[in-house]
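> Here's a structure for you.
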Amino acid sequence: MSETPDTIPATTVEWIARPGDPRRATLASLRQRRAWMKPLAIGLAIGVVVTAVCVATDSGWPLGLAIGAAFFVGVVVEMELVAFIAIYRHNRKGLAPGARWAAGSDAARIRFDSPIGTTVLDRANVLSIERATFLAVLTVRPKQRLGIPVALLPAILPVADDRNLID
45 MSETPDTIPA TTVEWIARPG DPRRATLASL RQRRAWMKPL AIGLAIGVVV
95 TAVCVATDSG WPLGLAIGAA FFVGVVVEME LVAFIAIYRH NRKGLAPGAR
145 WAAGSDAARI RFDSPIGTTV LDRANVLSIE RATFLAVLTV RPKQRLGIPV
195 ALLPAILPVA DDRNLID
């Protein structure tokens, strides 16, 4: 019985990063709803707990609400600022001017080449693709997200069945 060897798909689309792409990619990633949901939930939980503690210690509702709101805003702003800096630093490496990205696919696999390395994914593991202006965010099993330039989408969506993955 002869098996076909596992092969990495050839690249079919190439994209070269330009000046300003790290900034555009960072802003695109922060425009996604999921970038805000976790910080908002954590900030809300901390704000409610702080407000409850203030009210329980007879500090009064107005003071409790003011302190809780301050904690809420502080936590959300701090978490988003840390995320923004971390995402920008990562994007500065992968999307430096002149950085070469490429993509290709076959019936079973998807390939991405970036300055950081080559990623090969099984097509069946791609759960969804979400466009965020400059980036396309792929959600892959198990709960991993990969951001790629939107210009590479034609290389990974040649099959008509995959176009329904785009949100």
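Residue numbers (my numbering): 45 to 211.
Ideal Cβ placement from N, Cα and C applies to all residues, glycine included.
Every value quoted in this text rests on a predicted model; they were computed, and no experiment measured them.
Can you have a look at P139 and say buried or exposed, based on whether 16 or more other CB atoms are within 10 angstroms of its CB?
Position 95 of the sequence shown, counting from 1, holds the residue named residue 139. Looking at the sequence shown, residue 139 is not Pro but Leu. With 16 or more Cβ atoms within 10 Å of its Cβ, L139 is classed as buried.
> Could you name the residues of the same chain whose beta carbon sits closer than 6 Å to that of A176, not counting the 5 residues immediately before and after it, in chain order?
Taking the sequence shown and counting its residues from 1, the one referred to as residue 176 is at position 132. Once the five neighbours on either side are set aside, the close Cβ partners of A176 are A72, R75 and Q76.
> Would you call the CB atoms of L190 and T163 closer than 8 Å?
Taking the sequence shown and counting its residues from 1, the one referred to as residue 190 is at position 146. Taking the sequence shown and counting its residues from 1, the one referred to as residue 163 is at position 119. Their beta carbons are under 8 Å apart, which means L190 touches T163 by this criterion.
> So, helix, strand or coil for P198, using DSSP?
As a first step, residue 198 must be located in the sequence shown, where it is residue number 154. Correct three-state label for P198: helix.
> Would you check if the distance between the CB atom of I90 and the CB atom of V121 is smaller than 8 Å?
Along the sequence shown, read from residue 1 onward, the residue named residue 90 stands at position 46. Along the sequence shown, read from residue 1 onward, the residue named residue 121 stands at position 77. Against a cut-off of 8 Å, the Cβ pair of V121 and I90 comes out as no contact.
> Could you tell me the distance, in whole angstroms, from the CA atom of I60 to the CA atom of L196?
Counting from 1 along the sequence shown, the entry for residue 60 is found at position 16. Counting from 1 along the sequence shown, the entry for residue 196 is found at position 152. Rounded to the nearest angstrom, the two C-alpha atoms are 11 Å apart.
> Count the other C-beta atoms from every protein chain shown that fall within 10 angstroms of the C-beta of S172, then say buried if there are 16 or more, exposed otherwise.
In the sequence shown, counting from the first residue as 1, residue 172 sits at position 128. Exposed: under 16 other Cβ atoms inside 10 Å.
> Considering G161, what are the terminal residues of the alpha helix (DSSP H) in which it resides?
In the sequence shown, residue 161 corresponds to position 117, counting from 1. Membership of G161 in any alpha helix (DSSP H) is not indicated, and neither H nor E is assigned to it by DSSP.
> How close, in whole Å, do the beta carbons of N169 and T70 come, if the pair is a contact with beta carbons under 8 Å?
The count along the sequence shown starts at 1 and reaches residue 169 at position 125. The count along the sequence shown starts at 1 and reaches residue 70 at position 26. At roughly 26 Å, the Cβ-Cβ gap does not stay under 8 Å, so N169 and T70 are not in contact.
> Using a Cβ-Cβ cut-off of 7 Å (strictly less than) and excluding sequence neighbours within five positions of V194, which residues of its own chain qualify?
Taking the first residue of the sequence shown as position 1, residue 194 is located at position 150. Same-chain partners within the cutoff: R175, F178, L179 and A180.
> Sort out for me which residues DSSP pairs S172 with in a bridge.
Position 128 of the sequence shown, counting from 1, holds the residue named residue 172. Paired residues: T183.
> According to DSSP, I192 sits in a beta bridge with which residue or residues?
Taking the first residue of the sequence shown as position 1, residue 192 is located at position 148. I192 is bridged to A180.
> If we count the other Cβ atoms within 10 Å of its Cβ and call it buried at 16 or more, is P63 buried or exposed?
Start at 1 with the first residue of the sequence shown, and residue 63 comes out as number 19. Counting Cβ neighbours within 10 Å, P63 comes out exposed, since fewer than 16 surround it.
> Might you give, ordered along the chain, the residues of its own chain that have their beta carbon closer than 7 Å to the beta carbon of P198, omitting 5 neighbours on each side?
For the purposes of this step, residue 198 is taken as residue 154 along the sequence shown, with counting starting at 1. Same-chain partners within the cutoff: V57.
> Are G108 and V92 touching if we call contact CB-CB under 8 Å?
The sequence position of residue 108 within the sequence shown is 64, counting from 1. The sequence position of residue 92 within the sequence shown is 48, counting from 1. Contact flag unset, no.
> Give the range of the alpha helix (DSSP H) segment to which I90 is assigned.
Here residue 90 refers to the residue found at position 46 of the sequence shown. From DSSP, the alpha helix (DSSP H) with I90 extends over R78 to A100.
> Using the three-state DSSP reduction, which class does R153 fall into: helix, strand or coil?
Counting from 1 along the sequence shown, the entry for residue 153 is found at position 109. Strand, per DSSP.
> Are F156 and I131 touching if we call contact CB-CB under 8 Å?
For the purposes of this step, residue 156 is identified with residue 112 of the sequence shown, where counting begins at 1. For the purposes of this step, residue 131 is identified with residue 87 of the sequence shown, where counting begins at 1. Taking 8 Å as the cut-off, the Cβ atoms of F156 and I131 do not count as close.
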